[in-house]
Amino acid sequence: MAPSTVAVELLSPKEKNRLRKPVVEKMRRDRINSSIEQLKLLLEQEFARHQPNSKLEKADILEMAVSYLKHSKAFAAAAAGPKSLHQDYSEGYSWCLQEAVQFLTLHAASDTQMKLLYHFQRPPAATAAPAKEPKAPSPAPAPAPAKAATAAAARQPVCGLWRPW
DNA sequence: CCGACTTTTCTTGAAATCCC
DNA sequence: GGGATTTCAAGAAAAGTCGG
1 MAPSTVAVEL LSPKEKNRLR KPVVEKMRRD RINSSIEQLK LLLEQEFARH QPNSKLEKAD
61 ILEMAVSYLK HSKAFAAAAA GPKSLHQDYS EGYSWCLQEA VQFLTLHAAS DTQMKLLYHF
121 QRPPAATAAP AKEPKAPSPA PAPAPAKAAT AAAARQPVCG LWRPW
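Dropping the structure here:
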């Protein structure tokens, strides 16, 4: 039986702390697990390529993430040269799109999901390329001119399929 | 099905860090 | 400095996997 709020009120601060500890620890574990789960989703294809049909442990997911990051860092360095604005933008767009698709796949009702996916798959010039950046600086990649974004979209598979590996 | 082994989850004490 | 909060680590228990 869960203690009532009244009963909790009667506890000393120390006892309240003792009761809260397992809850906080559980939340912490949940944070860890959900991040590992997100990593797993993000690296899905990589897993499929390297270890098809094998069960994934948390340690496997973390190892794979580390090796993927190392690999992609080396790749980025090798690719050399500063990125153009529109390259930066289209990569950011693809990234966001990938995230959205993943989220919708897991959570959205199918009708909404289909409409949104359809919307996103139209050329970014019509949907995503920002005409003007609001004053607040964003951590996301810098926006490129709409024209350039369209050209980039023509070169790249768009919906959730941009994978650097 | 059963037992051995592995992985995950939970609990808890201790250490580290934060904030007044 | 000291109390509150957060993080880490270790051990126990639960759940899952696998070979015989």
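Just so it is clear: in the first sequence, position 159 is 159 by UniProt numbering, and no numbers are missing. Glycine included, every Cβ here is placed at the ideal spot set by N, Cα and C.
Tell whether a beta-carbon distance below 8 Å holds between residue i and residue j.
i          : j          : result
alanine 65 : leucine 39 : yes
Using the C-alpha atoms, what's the distance from residue j back to residue i?
i            : j            : result
glutamate 63 : arginine 31  : 18 Å
serine 67    : serine 35    : 17 Å
leucine 69   : glutamate 46 : 12 Å
leucine 19   : lysine 73    : 44 Å
valine 24    : alanine 77   : 41 Å
glutamate 44 : proline 22   : 32 Å
serine 90    : alanine 79   : 17 Å
Looking at the structure shown, is residue i part of a helix, part of a strand, or coil, going by DSSP?
i            : result
glutamate 57 : coil
threonine 62 : The sequence shown places leucine at residue 62, rather than the threonine named in the question. Helix.
residue 171  : Because the chain here runs from 1 to 165, residue 171 falls outside it and cannot be looked at.
Exposed or buried, which one is residue i when buried takes at least 16 other CB atoms within 10 Å?
i            : result
histidine 86 : buried
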